[in-house]
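Remarks on the structure that follows.
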Amino acid sequence: MTKAPNTSHHKTVTVDLADRSYDIFIGDGLLQKAGEIIKPHLKAPRIAVVTDDNVYRLHGKTLERALSIYETHLIVLPPGESQKSFEGLQSVLDKLFEAGFDRNDTIIAFGGGVIGDLTGFAASLYKRGCQFIQIPTTLLSQVDSSVGGKTAINNRFGKNLIGAFYQPQCVIADTSVLKSLAERELKAGYAEVLKYGLLGDRDFFDWLDENGVDVLTLQPDAIAQAIAVSCQTKARIVAADERERGERALLNLGHTFAHALELEAGYSGNLLHGEAVSAGMEMAFEFSAAQNLCSVDDVTALKAHLHKTNLVSISDVTHLLKNPDALINHMNQDKKNEGGMLTLILAKRIGQAFVQKNASRENTYNYLKTLSEKLDSNNL
């Protein structure tokens, strides 16, 4: 595999999956070197780049120049979560067929989590599978959705319910492209960074508590370190449990609550995925404390960090908490559930999450109902 030097600004993390292992290249200015980085991974010099209007407008020409030595075909989609649908999938596949791509060609996902999930799933299906490469352009996708091979689309029953495990050939995470993100997008991505400290690394949580502002202001050393540690944690978990039969479910800390919030919001731009995860992790810790699984002190520490970094918290999503019946119904559709029973990722403390199978639906509903009642009494 191609190796980049590990410096304070440039790091390489390997996802160890035997003959399907791949590298995550992290650092500033990597987009301009994309053609060189991907060269060892190509079977043929023909590439399809799937992106959206916003990413292409900001960074498309830079990537085109970097790939100028290859035959490159652009597929530019409208932005937004709505592209993660059967219609969006069909559109990408049709364009690949129309352009005459074959299984030896490579598809590049160039964008955030929506583009990455959609493109990876299309690659897994196209002529029974062709290789693809991830070039994530948001903090959330650089630390989470581009790593680990989960690909999917949404449907009316929920988020990411139709998909496949399909690993990329490599991931190129250029930290310099993050400068074009709105503050809101950065904070949504930071929620996924925080997740890694909460689920299994108290030291990383403490580091974020000291350096979170530097990460959010994209200080080069801090952002590279935050992405690298996040990717290292995910790489370790994915290597141990690629298809989410056990430990990998820990990566969904807060996500069962978050996906319910997203579905209640109608997958609108009013609630970004990372914003839902931020509130969802707080809900998971609160629920854990309510079940006497973790201390109130840990909940307080998490709430203080959310406040310090100005991340979305429960108090910011009160409009989505009014109907506990709808929320529990959304949670019933979660793909981690088994045998009709809820599976939740809960916490014993900051840095120690665990998978709770056969979680009490009654207790979960009562917690959601309590939130709703606090809302009614203006106590939230």
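Under numbering that gives the first Met the number 0, read the sequence shown as residues 0 to 379, first letter to last.
Where is the CB? At the ideal position from N, CA and C, for every residue including glycine.
C-alpha distance - residue i paired with residue j, whole-angstrom precision
i	j	result
residue 75	residue 321	38 Å
residue 225	residue 98	39 Å
residue 120	residue 241	16 Å
residue 250	residue 341	16 Å
residue 196	residue 207	8 Å
residue 102	residue 132	14 Å
residue 360	residue 245	21 Å
residue 272	residue 153	13 Å
residue 364	residue 370	10 Å
residue 382	residue 189	The question about residue 382 has no answer here: the residues shown for the chain are numbered 0 through 379.
residue 83	residue 277	22 Å
residue 9	residue 362	46 Å
residue 128	residue 317	43 Å
residue 234	residue 375	43 Å
residue 28	residue 204	28 Å
residue 306	residue 85	38 Å
residue 221	residue 314	29 Å
residue 358	residue 296	23 Å
residue 366	residue 328	14 Å
residue 11	residue 323	44 Å
residue 146	residue 165	10 Å
residue 191	residue 142	7 Å
residue 94	residue 155	25 Å
residue 92	residue 125	7 Å
residue 90	residue 130	19 Å
residue 268	residue 223	28 Å
residue 105	residue 32	17 Å
residue 294	residue 44	56 Å
residue 368	residue 319	12 Å
residue 144	residue 301	23 Å
residue 338	residue 159	19 Å
residue 311	residue 275	8 Å
residue 299	residue 352	16 Å
residue 78	residue 291	43 Å
residue 123	residue 254	24 Å
residue 167	residue 350	29 Å
residue 212	residue 42	42 Å
residue 108	residue 304	33 Å
Nearest-angstrom beta carbon gap, residue j and residue i [assumed within contact, 8 Å]
i	j	result
residue 280	residue 252	6 Å
residue 54	residue 237	No, residue 54 and residue 237 are not in contact; Cβ-Cβ is about 25 Å, not under 8 Å.
residue 325	residue 263	6 Å
residue 37	residue 169	7 Å
residue 186	residue 309	7 Å
residue 25	residue 174	7 Å
residue 172	residue 135	6 Å
residue 176	residue 66	About 15 Å; that fails the 8 Å criterion.
residue 139	residue 112	6 Å
residue 110	residue 50	5 Å
residue 48	residue 57	With a Cβ gap of about 14 Å, residue 48 and residue 57 do not count as contacting.
residue 137	residue 184	6 Å
residue 354	residue 248	5 Å
N- and C-terminal bounds of the beta strand (DSSP E) containing residue i
i	result
residue 173	169 to 173
residue 341	341 to 348
residue 358	351 to 358
residue 317	From DSSP, residue 317 is part of no beta strand (DSSP E); its letter is neither H nor E.
Span of the alpha helix (DSSP H), counted from its first residue to its last, around residue i
i	result
residue 276	272 to 289
residue 77	Taken as a continuous stretch (DSSP letters only), residue 77 belongs to no alpha helix (DSSP H), as it is neither H nor E.
residue 90	85 to 97
residue 296	295 to 307
residue 331	323 to 331
Contact with chain C by residue i, beta-carbon distance below 9 Å
i	result
residue 212	No chain C is present in this structure, which holds just one protein chain.
Ignoring anything shorter than 3 residues or poking outside the region 99 to 158, list the beta strand (DSSP E) runs there in chain order.
Complete beta strand (DSSP E) runs here, min 3: 105 to 110, 131 to 135, 149 to 154.
Three or more C-beta pairs below 8 Å linking the region 284 to 301 and the region 335 to 349:
Flag = yes, the region 284 to 301 and the region 335 to 349 touch.
Continuous alpha helix (DSSP H) assignments of at least 4 residues falling wholly in the region 196 to 255
Counting whole runs of 4 or more residues, the region 196 to 255 contains the alpha helix (DSSP H) stretches 201 to 215, 219 to 239.
Meets three-Cβ-pair contact criterion under 8 Å: the region 173 to 193 and the region 210 to 224:
Flag = yes, the region 173 to 193 and the region 210 to 224 touch.
With contact counted as at least three CB pairs below 8 Å, one residue from each stretch, are the region 314 to 333 and the region 257 to 265 in contact?
Output reads yes: the region 257 to 265 touches the region 314 to 333.
Spell out a yes or no on whether the region 197 to 204 and the region 52 to 71 are touching, meaning 3 or more CB-CB pairs, one atom from each, closer than 8 Å.
Too few Cβ pairs lie closer than 8 Å, so no.
Please give the ranges of any alpha helix (DSSP H) in the region 2 to 69, keeping only runs that are unbroken, at least 4 residues long and fully inside the region.
As far as the region 2 to 69 is concerned, its whole alpha helix (DSSP H) runs of at least 4 residues are 33 to 37, 60 to 65.
Inspect the CB distances between the region 85 to 100 and the region 10 to 28 and report whether three or more fall short of 8 Å.
No, because fewer than three Cβ pairs between the region 85 to 100 and the region 10 to 28 fall closer than 8 Å, the two stretches do not touch.
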